[in-house]
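Asks: Dropping a structure here in structure tokens format, bear with me for questions.
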Ligand SMILES: *[C@@H]1O[C@H](CO)[C@@H](O)[C@H](O)[C@H]1NC(C)=O
Ligand SMILES: *[C@@H]1O[C@H](CO)[C@@H](O)[C@H](O)[C@H]1NC(C)=O
Ligand SMILES: *[C@@H]1O[C@H](CO)[C@@H](O)[C@H](O)[C@H]1NC(C)=O
Ligand SMILES: *[C@@H]1O[C@H](CO)[C@@H](O)[C@H](O)[C@H]1NC(C)=O
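In UniProt numbering, the protein residues as written are 1 to 307.
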């Protein structure tokens, strides 16, 4: 593994690979850093943070290559943009505003986006105007329409700012959750807690993965392609659906001390959203790796054909 991922560092020489999105995407970034860093001696790598910890940067100095992660859980601006204190009771999204985030990754060479779980509700509170401005207009917008509005803002930004001969763009499809054991014929009221085996049923698809939202992503990406910018969707949903045993469950860092009630009932605080590492996100990165090299070859061929 380490040997192949060195080829990625070579590919990233003098370049930036930036993951942008929510904590699932951060997990994939951590996975990628782990995949490459073991091959680099300690004095030739570093980790730093910028912009109030919104941007985390792993640097391989010998290659002048960086692998970065930028926190933007809804891609567009929202009141959850603080990478630390984002658990706000009422989520508000500025579906038309992305510049505040985008300026931090505008010159990246490879961009890997995701955004899904934060949109999982029946409607979103949308703000037209800016936070703190007295004449802002707030409206509840049904899902997935609000998601579509945000992705359109995202794709408009990409259309104008992405240099097609330099930057490769990826969108990671929705990451499945395993919150309801009855969906895989487990016990009613259980979740991924104490699961030890993957789901064996071919084509299993849980209710946590909304095909309607995947259609929205596909359609936005198709329209962008018609306007001359290709975004590769990394379709990780189905392959991850089977992995009910691969979440951290109760074996994760707790940000707030557990209550006595929670301690008495581990299933109540099991994390069935994120993934253990090493684990499932490593596979997502292997797919990404294959696409990075495949697309590049294809582009070079296109260029040769065009001569
Ligand atoms: C190092 O990489 C950055 C992009 O991340 C680039 O702008 C810069 O020119 C590179 N430095 C050298 C010395 O090539
Ligand atoms: C930086 O982060 C801290 C803690 O999360 C927050 O209180 C502060 O407002 C942030 N500052 C800026 C300039 O965003
Ligand atoms: C786009 O990227 C290519 C390759 O890095 C570079 O030569 C070119 O100057 C860039 N175009 C613009 C408009 O920045
Ligand atoms: C991803 O894969 C699923 C099933 O494996 C399929 O239904 C869906 O259309 C695919 N989506 C994209 C964008 O390729």
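In this text, a Cβ means the ideal position worked out from N, Cα and C, and glycines have one as well. Note that the structure is predicted; figures quoted are calculated from it, not measured.
#1: Could you pull the start and end residues of the alpha helix (DSSP H) that residue 228 belongs to?
#2: Can you list the beta strand (DSSP E) stretches of 3 or more residues lying completely in the region 108-162, in chain order?
#3: Quick one: residues in its chain with C-beta nearer than 7 Å to the C-beta of residue 284, no 5 flanking neighbours on either side, listed in chain order?
#4: Determine whether the beta carbon atoms of residue 270 and residue 240 lie at a separation below 7 Å.
#5: Return the Cβ separation of residue 44 and residue 61 in integer angstroms, given the expectation that the two are a contact with Cβ distance under 8 Å.
#6: Under 6 Å: does the beta carbon of residue 218 sit that close to some heavy atom of ligand 4?
#7: Please report the distance separating the alpha-carbon of residue 80 from that of residue 88.
#8: With DSSP run on the structure shown, which of helix, strand or coil describes residue 273?
#9: Cutting at 7 Å between CB atoms, please list the residues of its own chain near residue 193, excluding the five before and the five after it.
#10: Could you give the residue range of the beta strand (DSSP E) that holds residue 33?
#11: In the DSSP output, what is residue 16 paired with across the bridge?
#12: Among 66, 245, 23, 227, whose alpha-carbon lies nearest the alpha-carbon of residue 157?
#13: Excluding the 5 residues preceding and the 5 following residue 136 in the sequence, name in chain order all residues of the same chain whose CB lies nearer than 8 Å to its CB.
#14: Taking C-alpha atoms, which residue in 82, 112, 212 lies nearest to residue 68?
#15: Quick one, are the C-beta atoms of residue 272 and residue 191 less than 7 Å apart?
#16: So is residue 278 buried or exposed if we call it buried at 16+ other beta carbons inside 10 Å?
#17: Would you report the Cα separation of residue 63 and residue 274, rounded to the nearest angstrom?
#18: Taking 6 Å as the cut-off, is the CB of residue 165 close to at least one heavy atom of ligand 3?
#19: Taking the alpha helix (DSSP H) that residue 72 falls in, what are its first and last residues?
Replies: To lay it out plainly:
#1: Reading the chain shown from its first residue, position 228 is the one you call residue 228. It is not in any alpha helix (DSSP H) - residue 228 carries neither H nor E in the DSSP assignment.
#2: With a minimum length of 3 residues, the continuous beta strand (DSSP E) runs that stay inside the region 108-162 are 110-113, 123-128, 137-142.
#3: Looking up residue 284 in the chain shown gives position 284. Closer than 7 Å at Cβ, skipping near neighbours: 28, 172, 234, 236.
#4: Here residue 270 refers to the residue found at position 270 of the chain shown. Here residue 240 refers to the residue found at position 240 of the chain shown. Contact flag unset, no.
#5: Here residue 44 is taken as the residue at index 44 of the chain shown, counted from 1. Here residue 61 is taken as the residue at index 61 of the chain shown, counted from 1. Indeed, because the Cβ distance is near 5 Å, the residues count as touching under 8 Å.
#6: As a first step, residue 218 is located in the chain shown; it is residue number 218 there, counting from the start. Yes, Cβ of residue 218 sits closer than 6 Å to a heavy atom of ligand 4.
#7: As a working note, residue 80 is residue 80 in the chain shown. As a working note, residue 88 is residue 88 in the chain shown. If you draw a straight line from the Cα of residue 80 to the Cα of residue 88, it comes to about 7 Å.
#8: For the purposes of this step, residue 273 is taken as the residue at position 273 of the chain shown. Coil, per DSSP.
#9: Numbered from 1 along the chain shown, position 193 holds the residue referred to as residue 193. The beta carbon of residue 193 sits closer than 7 Å to those of 249, 250, 266, 267, 270, all from its chain and outside the five residues before and after it, given in chain order.
#10: For the purposes of this step, residue 33 is taken as residue 33 along the chain shown, with counting starting at 1. Per DSSP, residue 33 belongs to no beta strand (DSSP E); it is in the alpha helix (DSSP H), 23-37.
#11: For this step, residue 16 is matched to residue 16 along the chain shown. Bridge partners of residue 16: 66.
#12: Your numbering for residue 157 matches position 157 in the chain shown. For residue 157, the nearest C-alpha among the options comes from 227.
#13: Translated into the one-based positions of the chain shown, residue 136 becomes position 136. For residue 136, where only same-chain residues beyond five positions count, the Cβ hits under 8 Å are 127, 128, 129, 130.
#14: Indexing the chain shown from 1 puts residue 68 at position 68. Ranked by Cα distance from residue 68, the options 82, 112, 212 are led by 112.
#15: The sequence position of residue 272 within the chain shown is 272, counting from 1. The sequence position of residue 191 within the chain shown is 191, counting from 1. Taking a C-beta distance under 7 Å as the contact criterion, residue 272 and residue 191 qualify as a contact pair.
#16: Locating residue 278 in the chain shown gives position 278, counting from the first residue. Exposed is the call here.
#17: Working through the chain shown from its first residue, we reach residue 63 at position 63. Working through the chain shown from its first residue, we reach residue 274 at position 274. Computed Cα separation, rounded: 31 Å.
#18: Residue 165 sits at position 165 when you count from the first residue of the chain shown. Flag set: Cβ of residue 165 near ligand 3.
#19: Position 72 of the chain shown holds residue 72. Unbroken run through residue 72: none, as it is neither H nor E.
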